[in-house]
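See below for the structure under consideration.
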Amino acid sequence: MALTAVGVTTLYYLFVGVGILLIGVGFGGESFFTNAAVGLLSGALGLSAVVAPLLFVTGIVAWRVVPPSQRYSGAIGGLLAMALAYLVAGALVVGLAAVSAVATGSPLVDSVIGSSSIIVVAFLASSWIALPASILTGTLYERARSAAK
């Protein structure tokens, strides 16, 4: 699942990068393209460094929960791992926002609502590729595991 996270992140940022390049053609100038490329690359690397370990852990949990005798256990396990990763990441973001709000004296409700909004947007922006990729990865893992036996 960790490899899937890196692949999904790369595909997502390639998709976003093409969109930025298509929009940026109207603006012209090399600095726009250079800044966009550097920003996308650093974002993809940073996100992969966080999401890959998270999906590694949630993948292990998912494979322990879903029994191998279950029909479509690979697809179910892959989807469960991705769903757990979204839930854990969401809880971490909201928790960190709440801790930050309390530490700085900012309004707690505003911080929680703002971080929850970021989570919803991130889910909507990435789930279209992450969920099918996790199902595919889980299915491939299941087949490889059954072929090794």
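In the working numbering, the protein residues as written are 1068 to 1216.
Yeah, the Cβ is synthetic: ideal placement off N, Cα and C, and Gly gets one too.
Does DSSP classify residue i as helix, strand or coil?
i: Arg1131; result: helix
i: Ser1173; result: coil
i: Ser1136; result: coil
In chain order, what residues of the same chain lie with their CB nearer than 8 Å to the CB of residue i, ignoring the 5 residues before and after it?
i: Ala1168; result: Pro1174, Leu1175, Asp1177, Ser1178, Val1179
i: Gly1181; result: Ala1164
i: Val1166; result: none
On the premise that residue j lies in contact with residue i, defined as a C-beta separation below 8 Å, what is that separation, rounded to the nearest angstrom?
i: Ile1196; j: Val1118; result: The Cβ separation is near 13 Å, so there is no contact.
Looking only at its own chain, which residues have a Cβ that is under 6 Å from the Cβ of residue i, when we skip the five neighbours before and after it?
i: Gly1145; result: Ser1201, Ile1202, Thr1204, Gly1205
i: Tyr1208; result: Gly1141
So, for residue i: in the same chain, excluding its five sequence neighbours on each side, which residues have a beta-carbon less than 7 Å away from its beta-carbon?
i: Leu1151; result: Thr1125, Val1128, Ala1129
i: Val1155; result: Leu1121, Thr1125
i: Tyr1153; result: Phe1190
Taking all protein chains shown into account, do 16 or more other C-beta atoms lie within 10 angstroms of the C-beta of residue i, making it buried, or fewer, making it exposed?
i: Ala1214; result: exposed
i: Ala1170; result: exposed
i: Ala1116; result: exposed
i: Ala1072; result: buried
Contact between the segment 1136-1146 and the segment 1190-1197 (3+ Cβ pairs under 8 Å): Contact fails: fewer than three Cβ-Cβ distances are below 8 Å.
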